[in-house]
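Protein chains: 2
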Amino acid sequence: MAGPNAPIDKCDCDVIHQDIIDWVRDKMPREETLYDLAEFFKVFGDSTRIRILWALAESEMCVCDIANLLNMTQSAISHQLRVLKQAALVKSRRDGKVVYYSLDDEHVQQIIDQGMTHINEK
Amino acid sequence: MAGPNAPIDKCDCDVIHQDIIDWVRDKMPREETLYDLAEFFKVFGDSTRIRILWALAESEMCVCDIANLLNMTQSAISHQLRVLKQAALVKSRRDGKVVYYSLDDEHVQQIIDQGMTHINEK
DNA sequence: TGTTCATATGAATGTTTATTCATATGTTCC
DNA sequence: GGAACATATGAATAAACATTCATATGAACA
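As you go down the protein sequences, you meet chains A and B in turn. Under my numbering, think of the first position of the first sequence as 1, with each following residue one higher. Under my numbering, think of the first position of the second sequence as 1001, with each following residue one higher.
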């Protein structure tokens, strides 16, 4: 296992527990899956988006309502709603000129609640 | 409610549903709480940290092991472990020169699992 | 058809952040 | 005490990202 295409060892410590490393590596999901998982949580990792999600958990709202509730510009809210929609966390319906947003997933509430539980316990 | 100190309305739409806004505002947690919640989820929103958490869910590991498992530098791993420790998601114990890390919270597994469930369903 | 209104979007900007490099800290063994 | 090793950390850099501004799209109404 040496030569031009050998993987570069980024850490050259002597105390490598190779058996554990191999065992854990075998149990890890595919790299791509874990990347997707991180992308998913990243959506919750912004206070504006969390506030939007929390608001929508209470009631369907139009873009304008959310902007007023959070005292932010319509543009900023619209940009974040796009992120939330791409993550399949919210859905929208159009009624004339007005677009109403609501939660698109029953998990959203659970995930937020679980995070809140952690926050409150520490 | 006008004058030099009046709050600036960031959105001047006509179709404001003021009753809904007031009702939702009343049910929202404190701004600071939602900020903390976003900070909490932000920790899960990085693939390196998610991979570290997943690995530690399988077995206690030293910094060097994690670096080799993920093929990253010891420094990069150490920096991320600090973030995870500050978020109270991992704990460490020292054994001579070697520092072993493990999960510090029973919620971590649940939160990751729930995120994974969402990923797999969409 | 033209105007008004609600929302969406592209480009620019400032901030945050993950990684790297160099080096410091802390432990063991001689 | 000094050398060797595992980990921690500060500064620098590059990439990611949230917000703003200007403007486009799309619907209602006259």
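Where a beta carbon is used, it is the ideal one built from N, C-alpha and C, also for glycine.
To the nearest angstrom, report how far apart residue i and residue j are at their CA atoms.
i                       : j                       : result
residue 40 of chain A   : residue 49 of chain A   : 13 Å
residue 1044 of chain B : residue 38 of chain A   : 6 Å
residue 67 of chain A   : residue 1063 of chain B : 45 Å
residue 1026 of chain B : residue 1042 of chain B : 26 Å
residue 1107 of chain B : residue 77 of chain A   : 31 Å
residue 1104 of chain B : residue 1032 of chain B : 24 Å
residue 61 of chain A   : residue 102 of chain A  : 7 Å
residue 34 of chain A   : residue 92 of chain A   : 28 Å
residue 1019 of chain B : residue 90 of chain A   : 22 Å
residue 1085 of chain B : residue 65 of chain A   : 38 Å
residue 1115 of chain B : residue 1109 of chain B : 10 Å
residue 1083 of chain B : residue 1030 of chain B : 24 Å
residue 36 of chain A   : residue 1087 of chain B : 21 Å
residue 1178 of chain B : residue 75 of chain A   : Nothing in the structure corresponds to residue 1178 of chain B, since chain B is present only between 1001 and 1122.
Are there 16 or more other CB atoms within 10 angstroms of the CB of residue i, so buried, or fewer, so exposed?
i                       : result
residue 1006 of chain B : Here the model assigns residue 1006 of chain B a pLDDT of 35, short of 50, so the residue's position is not dependable, and the following value carries that caveat. Exposed: under 16 other Cβ atoms inside 10 Å.
residue 120 of chain A  : exposed
residue 1079 of chain B : exposed
residue 1096 of chain B : exposed
residue 15 of chain A   : exposed
residue 51 of chain A   : buried
residue 1054 of chain B : buried
residue 22 of chain A   : exposed
residue 117 of chain A  : exposed
residue 1002 of chain B : Any reading at residue 1002 of chain B needs caution, since the residue's pLDDT is 34, under 50, leaving its predicted position unreliable; the model's value is listed next. With fewer than 16 Cβ atoms within 10 Å of its Cβ, residue 1002 of chain B is classed as exposed.
residue 1113 of chain B : exposed
Just tell me which of the options has its CA closest to the CA of residue i.
i                       : options                        : result
residue 69 of chain A   : B:1111, B:1042, B:1028         : B:1028
residue 47 of chain A   : A:23, A:81, A:91, A:107        : A:81
residue 13 of chain A   : B:1072, B:1113, B:1023         : B:1072
residue 17 of chain A   : B:1098, B:1115, B:1110, B:1087 : B:1098
residue 1100 of chain B : B:1083, B:1056, B:1087         : B:1056
residue 58 of chain A   : B:1088, B:1036, B:1024         : B:1024
Is any heavy atom of the ligand ZN found at a distance shorter than 6 Å from the C-beta of residue i?
i                       : result
residue 1090 of chain B : Here there are no bound small molecules, and the ligand ZN is not part of this structure.
- Item | Whole runs of the alpha helix (DSSP H) within the segment 1071-1122 of chain B, excluding any shorter than 4 residues | 1074-1086, 1106-1121
- Item | Those runs of the alpha helix (DSSP H) which lie wholly inside the segment 16-40 of chain A and span at least 4 residues | 18-27
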